[in-house]
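Sequence lines, in order, name chains Y and S.
Under this note's numbering, think of the first position of the first sequence as 382, with each following residue one higher.
Under this note's numbering, think of the first position of the second sequence as 382, with each following residue one higher.
Backbone N, C-alpha and C define an ideal beta-carbon position, used for all residues, glycine too.
There are 2 protein chains.
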Amino acid sequence: MAAVDQLGYQPNFSAKALAASKTGTVGAIIPTMDNAIFARGLQAFQEELGEHGYTMLVASSSYHPALEAQQIRNLVARGVDALMLIGTDRGDDIYNYLETRSIPIVTAWSFQDGATIPCIGFDNRDAMAQLTRRVLSLGHRHLGIISAPRAHNDRARERVEGALEAVGQAGIARDTVPILEVNYSIANGARAFAALMREPTPPTAILCGNDVLAVGALGKARQMGLSVPKDVSITGFDDIELAEVSYPPLTTVHVPHRQMGRAAAQILMKLVSGEELSGNAALKTRIIERGTLAGPTDLQA
Amino acid sequence: MAAVDQLGYQPNFSAKALAASKTGTVGAIIPTMDNAIFARGLQAFQEELGEHGYTMLVASSSYHPALEAQQIRNLVARGVDALMLIGTDRGDDIYNYLETRSIPIVTAWSFQDGATIPCIGFDNRDAMAQLTRRVLSLGHRHLGIISAPRAHNDRARERVEGALEAVGQAGIARDTVPILEVNYSIANGARAFAALMREPTPPTAILCGNDVLAVGALGKARQMGLSVPKDVSITGFDDIELAEVSYPPLTTVHVPHRQMGRAAAQILMKLVSGEELSGNAALKTRIIERGTLAGPTDLQA
DNA sequence: CACCAAAATGTAAGCGCTTACATTTCGAAA
DNA sequence: TTTCGAAATGTAAGCGCTTACATTTTGGTG
Numbered sequence: 382m383a384a385v386d387q388l389g390y391q392p393n394f395s396a397k398a399l400a401a402s403k404t405g406t407v408g409a410i411i412p413t414m415d416n417a418i419f420a421r422g423l424q425a426f427q428e429e430l431g432e433h434g435y436t437m438l439v440a441s442s443s444y445h446p447a448l449e450a451q452q453i454r455n456l457v458a459r460g461v462d463a464l465m466l467i468g469t470d471r472g473d474d475i476y477n478y479l480e481t482r483s484i485p486i487v488t489a490w491s492f493q494d495g496a497t498i499p500c501i502g503f504d505n506r507d508a509m510a511q512l513t514r515r516v517l518s519l520g521h522r523h524l525g526i527i528s529a530p531r532a533h534n535d536r537a538r539e540r541v542e543g544a545l546e547a548v549g550q551a552g553i554a555r556d557t558v559p560i561l562e563v564n565y566s567i568a569n570g571a572r573a574f575a576a577l578m579r580e581p582t583p584p585t586a587i588l589c590g591n592d593v594l595a596v597g598a599l600g601k602a603r604q605m606g607l608s609v610p611k612d613v614s615i616t617g618f619d620d621i622e623l624a625e626v627s628y629p630p631l632t633t634v635h636v637p638h639r640q641m642g643r644a645a646a647q648i649l650m651k652l653v654s655g656e657e658l659s660g661n662a663a664l665k666t667r668i669i670e671r672g673t674l675a676g677p678t679d680l681q682a
Numbered sequence: 382m383a384a385v386d387q388l389g390y391q392p393n394f395s396a397k398a399l400a401a402s403k404t405g406t407v408g409a410i411i412p413t414m415d416n417a418i419f420a421r422g423l424q425a426f427q428e429e430l431g432e433h434g435y436t437m438l439v440a441s442s443s444y445h446p447a448l449e450a451q452q453i454r455n456l457v458a459r460g461v462d463a464l465m466l467i468g469t470d471r472g473d474d475i476y477n478y479l480e481t482r483s484i485p486i487v488t489a490w491s492f493q494d495g496a497t498i499p500c501i502g503f504d505n506r507d508a509m510a511q512l513t514r515r516v517l518s519l520g521h522r523h524l525g526i527i528s529a530p531r532a533h534n535d536r537a538r539e540r541v542e543g544a545l546e547a548v549g550q551a552g553i554a555r556d557t558v559p560i561l562e563v564n565y566s567i568a569n570g571a572r573a574f575a576a577l578m579r580e581p582t583p584p585t586a587i588l589c590g591n592d593v594l595a596v597g598a599l600g601k602a603r604q605m606g607l608s609v610p611k612d613v614s615i616t617g618f619d620d621i622e623l624a625e626v627s628y629p630p631l632t633t634v635h636v637p638h639r640q641m642g643r644a645a646a647q648i649l650m651k652l653v654s655g656e657e658l659s660g661n662a663a664l665k666t667r668i669i670e671r672g673t674l675a676g677p678t679d680l681q682a
């Protein structure tokens, strides 16, 4: 060991990996790094991994299914021992590919009851339905939805579904609720908000698929001279930092991101060591009422 | 190739790396993932890398020098072909270690004139000095500074130095400016703000070392019933998303994060292919005046 | 002091590629 | 048709480890 120290010897990772046919690396493929939604969860994921002597390899798919598939192959080729994927929306070919190579995976950020694939997440649909019921209970009858693109994105789709479900249960026709799909950005949130308010009967409450969109809407409302929540209510989803610091602070759905990241890592660690999983459990979300939700004013109603 | 397709053959990364003694991987060690400051730059870094057929391996050091050293060794052991590091504040032993192993590196997020190590960044000191001069030109005479911990963090140190430099040039004694060092978080920014306002002569303008701290301060100001910028001015640094959506939107220093990330990758790509570097160039920052900076009111003055 | 199991140490065959070099095949000019 | 350089193909030696197995050393026991 003295010699090791003196010579500064370090085992060659590639040789080790080649001989042992494992790398001590686990991959994570997220839609984008450029967004706080995944950052916190990923940080926790990495911390947990580190405690088990594993390293994380991240790649991002830019919300493109084809790119995601490519990144998966890339990471697998690099010998990741396991993989964390976001959401469940992808072709069977990918799942088959992974199974053929017996790479353990976990899907995060959404929860599917009775899924055969290990997953850790929360019920996006139910969470959004709850929030929507709360909005409706305040007396709102004209809602609007700003969502991230729903294609290839089960989280976005489930959230919209949840909202519509609650709307339907309240006896309002689902197709009276305008839904705008825009890519993830503050500017797009702002644009969508403006478009929604141009409707013949503008919504009195706007449900956004995530906080980024909501914060964009919020900014636009102020710019348009509308007071939130007096003139219009706006809600978000995720409860990232933005939600706290916006003005008024955003009413949103809190998602336990750190907990989810850690849990994802723990599941993967069990999987690589051949342990049995005790079944999937859904994480709990909760509505955080801050300052952007109130009942509709008489003026509107 | 038909057979390759049919059999789903994929070259073994470890074997390839072992034989060729290169991995096509470049490492990036950032202080934290849990913060938007590095996210955007890292995303751009990765994109550029991808265009050159390289993959990124990220690790975070949690702002701990020892942890950073460990992560560096870890990534080197994993055979990264090059490394991006944040800032220049670290022991010579690390630089020697990297040089011995002839791993090309680039330091980002700060720029040092005449540095021997390739770096891509901006002049933190000068940027902050400019902002401070602007603040002073509005008539402020009582400033306060909220900074991230300066130990092992040249960016934080240089920013404070820049502010003090401008203060000194304006004929104000540097030691009359209270400086609070707190860890990076909105809550800490809020606490520090409250502490600063408890001074015998409360500052009329508070310079924050970064946007996260500034947004925290901003929130606290509102909570304390102070109007920004009427009662007190607050400035940030970085110009991350938060700065745009806070209320009032934050006056801050814009840093071209994406450009920096791309440039860092380009430098590294040149380095690994043995090309000569044409010398370090500093990126330009600019002051973004939004709504949290104004002259002191007579009341204060 | 001999004996034996347990512990320590030695040995060699790969892991799946790259690389340098040797050999074969090809195609155009003579 | 022959000839020769270029292109294509074949060959084998590692890269630095792990792993399984063989051999040696150790120390406790009778």
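No Cβ-Cβ contact shorter than 8 angstroms links THR513/S with LEU623/S. By the C-beta density criterion, GLU429/S is buried, having at least 16 other C-beta atoms within 10 angstroms. Assigned with DSSP and collapsed to three states, GLY552/Y falls in coil, not helix or strand. For ARG514/Y, the uninterrupted alpha helix (DSSP H) run begins and ends at 505-518, by DSSP.
Contact between ASN505/Y and SER483/Y fails: their C-beta atoms lie close to 29 angstroms from each other, not under 8 angstroms.
C-alpha of ALA510/Y to C-alpha of ARG667/Y: approximately 12 angstroms in a straight line. Using a Cβ-Cβ cut-off of 9 angstroms, SER442/S is close to nothing in chain Y; its nearest Cβ partner there is about 11 angstroms away. Taking 8 angstroms as the CB threshold, VAL439/S lines the interface with chain Y. Going by C-alpha positions, ALA573/S is about 17 angstroms away from SER608/S.
For MET578/S, the enclosing alpha helix (DSSP H) begins and ends at 567-578.
When only Cα atoms are considered, ALA575/Y and GLY600/Y end up about 10 angstroms apart. Inter-residue distance for SER614/S and ASP556/Y is about 48 angstroms (C-alpha atoms, whole angstroms). Residue burial annotation: SER442/Y is buried, with at least 16 other C-beta atoms found within 10 angstroms of its C-beta.
With fewer than 16 other beta carbons inside 10 angstroms of its own, ARG603/S counts as exposed.
As DSSP reads the structure, LEU438/S sits in a beta bridge with GLY408/S. Counting only Cβ-Cβ distances below 8 angstroms, GLN391/S has contacts in chain Y at ARG454, VAL457 and ALA458, in chain order. Contacts with chain Y at 8 angstroms (Cβ-Cβ) do not include MET650/S.
Between ILE669/Y and GLU625/Y, the alpha-carbon positions lie close to 10 angstroms from each other. Taking 7 angstroms as the cut-off between beta carbons, the residues of the segment 624-640 of chain S near chain Y are GLU625, VAL626, SER627 and TYR628, in sequence order. By the neighbour-count criterion, in which 16 or more other beta carbons inside 10 Å mark a residue as buried, THR582/S falls on the exposed side. Across the structure, ALA420/S and ASN564/S are spaced so that their CA atoms are roughly 18 angstroms apart. For ALA417/S, the nearest beta carbon of chain Y is closer than 8 angstroms to its own beta carbon. Cα atoms of ALA384/Y and LEU423/Y: separation of roughly 38 angstroms, rounded to the nearest angstrom. Taking C-beta atoms under 8 angstroms as the contact rule, GLY502/Y and ALA663/Y qualify, at a distance of about 7 angstroms. VAL596/S has a beta carbon lying within less than 8 angstroms of a beta carbon in chain Y. C-alpha of MET382/S to C-alpha of LEU649/Y: approximately 34 angstroms in a straight line. With the rule of 3 Cβ pairs closer than 8 angstroms, the segment 385-405 of chain Y counts as touching the segment 395-405 of chain S. Here LEU466/Y has ILE410, ILE486 and THR488 as same chain residues with Cβ atoms under 7 angstroms from its own Cβ, once five neighbours each way along the sequence are excluded. Counting along the chain, the unbroken beta strand (DSSP E) around SER528/S starts and ends at 524-528. Closest in alpha carbon position to LEU464/S, among GLU656/S, THR406/S and GLY549/S, is THR406/S.
If you look at MET465/Y, you'll find it isn't in any alpha helix (DSSP H); it sits in the beta strand (DSSP E) that goes 463-467. From the listed residues ALA646/Y, GLN493/Y and ARG515/Y, the smallest Cα separation to GLY468/Y is found for GLN493/Y. In the three-state reduction of the DSSP assignment, GLY422/S falls in the helix class, which pools H, G and I.
Within 8 angstroms of the CB of GLN424/S, the CB atoms of chain Y belong to THR413, MET414, ASP415 and SER441, in sequence order along the chain.
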